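As structure tokens, the structure follows; a few thoughts come after it.
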Amino acid sequence: MSFNVAGSSTSDLSLSTVKELNTPEKLNRFLKGRLENIDTHINTLTVQEVDGVTFLEITQEYLTKNLEIPLGPAKKILKLINEIKEEHSTAGIGSLISGIAGLKLQGN
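If you read the sequence shown in the working numbering, its first letter stands for residue 9, the second for the next number, and so on.
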């Protein structure tokens, strides 16, 4: 499952790519390229010095209560985080299935 935000599909994203965004400024550019009409809230993450690793740990409560980001933009941010994590999870399952299939072939 992938979705388009700002004309960019999350299917080309990986957990490691996001983790490599090791400065708030890099994360800012990354998010602005994928999330439309929430630049002010993306800038809030930058002011809070959120990098790629920290970004993946963000919760709805943190966005809405601590940073006071409205629910709509918060949901957009969380949807992107969940899609990135889902891509990673799906890729891991695919590798596991391939590995099991390979073991079965070797066993015959």
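Cβ coordinates follow ideal geometry from the N, Cα and C atoms, glycine included.
From a predicted model like this one, the values you see are computed outputs, not experimental measurements.
- At the C-beta level, ILE46 and LYS73 stay beyond 8 Å of one another.
- When DSSP states are grouped into helix, strand and coil, GLY60 belongs to the helix group.
- One thing to note: ILE77 has its Cβ within 8 Å of the Cβ of HIS49.
- The straight-line gap separating the alpha-carbon atoms of GLN56 and ARG37 is approximately 15 Å.
- Where THR72 is concerned, there is no enclosing alpha helix (DSSP H), because DSSP gives it neither an H nor an E.
- Selection THR98, LEU35, ARG42 and LYS27 evaluated against VAL61 yields LYS27 as nearest (Cα-Cα).
- Taking a C-beta distance under 8 Å as the contact criterion, GLU94 and LEU21 do not qualify as a contact pair.
- Taking VAL58 as reference, the option from GLU44, PRO32 and GLY41 with the minimal CA-CA separation is PRO32.
- Contact check for LEU86 and GLN68: beta-carbon distance about 6 Å, within the 8 Å limit, so the pair qualifies.
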